[in-house]
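Under mature numbering (1 follows the signal peptide of the UniProt record, and there is no 0), residues -24 to -1, 1 to 295 are what the sequence shown spells out, in order.
A quick write-up on the structure given underneath.
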Amino acid sequence: MKLKSLSLSVLAALSLGVATQAMADDAVANDATQSVDKAGFWIGAGMGMGIVDSNDLSNVGGTGEAFSSKLEAGYDFNKNVGLYTSYDYMHDLGNADLHLGTLGVKGNYYFTQDLSVFGKLGATYIFAEGEIDDSFTGTAGVGLEYQLTNAVSTKIGYDYYQNLELNQGQDTDLHQVYWGMTYKFGQPATPMIVTQDVEVVKEVPVEVTTMTRSNFVLPYQTGQVDVNDYGRYNLNEVAQTLQANPELTAEIIGRTDSTGTAAINAKVSEARANAVSQYLIDNGVDASRLTVTSVADQNPLTDDSGKSLIERSVEVVIK
């Protein structure tokens, strides 16, 4: 069929236009920043299927599906509104060859810069060769359009033609699904984006932890052996210092005041020292770097009768 060959030729030419447009390199820097308003004349071609309800063809015979080809042209006032005209050919649909000429309006709504949904409303004259009568009808269509370059786009669509007149006074509705491409005149060249990998050597500052103090005294309430909030705050600093300076060790000394008996004080001071040691181990300090002792109330830090708050404590000495 000559029209089918013509449609294929137009599609091939439009496909070639995609490659040509993509390789355009003149004035690319200016084109990359200018606004593309999408106004102007355009042409297009497509192919698809024409479909009618086979039950409506019982009196005329033939098949309810046929190959269709489409030629289009139009003018867009802006990116959203324009006029269009089209010629469609459907071969052997209901024992008839159909020629459809349409004139109408077309609107686009853009989801992104390149992807849009479109709708069409128009009037169509159908010239038929065979068992279908010539008729004048309304048409509507919807579809999706994707812009490949500033000038070339591809689309899929659906068109509906109302009351296609058959012989013997019957009518049916005609449906068409299609794929096509369009070329819009007067559009700027699409900028070519060239990416180049550049190796960047980044200087990463090395954080050096310096020891601000070497002696920590962690006080406790009477009878308390677990590490309290104040103790955890200070022991975190101890752990960070030991981890940053692997050559250092820590001596842990548990104490009590003279309130309790010697046996109780010995037990409490040992439990306090062990709790501190375990906290440091749990926070990444190797046990081999810790020396744990307990002196109860036998080696006080002050001479205040052995009952000062500071005596109920664990002393940590970093060496």
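In this text, a Cβ means the ideal position worked out from N, Cα and C, and glycines have one as well.
Because the structure is a prediction, the values reported are computed rather than measured.
In three-state terms, what does DSSP make of residue i?
i	result
residue 68	coil
residue 159	strand
residue 288	coil
residue 205	helix
residue 178	coil
residue 250	helix
residue 243	helix
residue 166	coil
residue 3	Its pLDDT being 41, under 50, residue 3 is placed unreliably by the model, and nothing is read from it.
residue 255	helix
residue 275	coil
residue 220	helix
residue 74	strand
residue 231	strand
residue 261	coil
residue 127	coil
residue 214	helix
residue 15	coil
residue 54	coil
residue 24	strand
residue -18	Note that residue -18 has pLDDT 49, beneath the 50 cutoff, so the model's placement of it is unreliable and the number below is only indicative. Three-state result, residue -18: helix.
Compute the beta-carbon to beta-carbon distance between residue i and residue j, rounded to the nearest angstrom, for a pair I have assumed lies under 8 Å.
i	j	result
residue 121	residue 94	6 Å
residue 272	residue 231	7 Å
residue 251	residue 203	5 Å
residue 100	residue 69	Going by Cβ atoms, the distance from residue 100 to residue 69 rounds to 15 Å, so no, they are not a contact pair.
residue 163	residue 127	4 Å
residue 153	residue 24	5 Å
residue 106	residue 72	3 Å
residue 239	residue 201	That belief does not hold up - the Cβ atoms of residue 239 and residue 201 are roughly 15 Å apart, past 8 Å.
On the criterion of 16 or more Cβ atoms from any shown chain inside 10 Å, does residue i qualify as buried, or is it exposed?
i	result
residue 260	exposed
residue 172	exposed
residue 245	buried
residue 135	buried
residue 174	exposed
residue 65	buried
residue 218	buried
residue 241	buried
residue 78	buried
residue 313	Residue coverage of the chain in this structure runs from -24 to 295, which leaves residue 313 outside it and unanswerable.
residue 58	buried
residue 264	exposed
residue 322	Nothing can be reported for residue 322: it is not among the residues displayed for the chain, which extend from -24 to 295.
residue 74	buried
residue 82	buried
residue 52	buried
residue 233	buried
residue 158	buried
residue 9	Low per-residue confidence applies at residue 9: pLDDT is 38, beneath 50, and the placement is therefore not dependable enough to give any value.
Between which residues of its own chain and residue i is the CB-CB distance below 7 Å, once the five residues before and five after are set aside?
i	result
residue 55	13, 14, 84, 86
residue 296	Past the edges of the chain, shown from -24 to 295, lies residue 296, and the structure says nothing about it.
residue 253	228, 266, 268
residue 320	The structure shown does not extend to residue 320, since the chain spans only -24 to 295, so no value can be given for it.
residue 119	94, 131, 132, 133, 134
residue 249	228, 229, 230, 268, 269, 270, 290
residue 147	139, 140, 141
residue 179	none
residue 257	263
Which same chain residues end up closer than 8 Å to residue i when comparing Cβ atoms and leaving out the 5 residues on each side of it in sequence?
i	result
residue 2	At residue 2, the pLDDT of 43 sits below 50, so the modelled position is not reliable and the matter cannot be decided from this model.
residue 151	26, 27, 28, 134, 135, 136, 137
residue 278	284, 286, 287
residue 224	187, 217, 218, 265, 294, 295
residue 16	51, 52, 160, 161, 162, 163
Which same chain residues, not among the five before or five after residue i, have their C-beta less than 6 Å away from its C-beta?
i	result
residue 43	67
residue 190	294
residue 292	192, 214, 226, 228
residue 255	203, 211
residue 275	none
residue 63	47, 77
residue 113	100, 137, 138, 139
residue -1	Note on residue -1: pLDDT 44, under 50, position unreliable in the model; the coordinate value appears next. Answer for residue -1: 165, listed in chain order.
residue 18	50, 158, 160
residue 103	75, 110
Give the list of continuous beta strand (DSSP E) stretches no shorter than 3 residues that lie fully inside the region 72 to 116. Listed in chain order, the complete beta strand (DSSP E) runs (minimum 3 residues) inside the region 72 to 116 are 72 to 86, 91 to 106.
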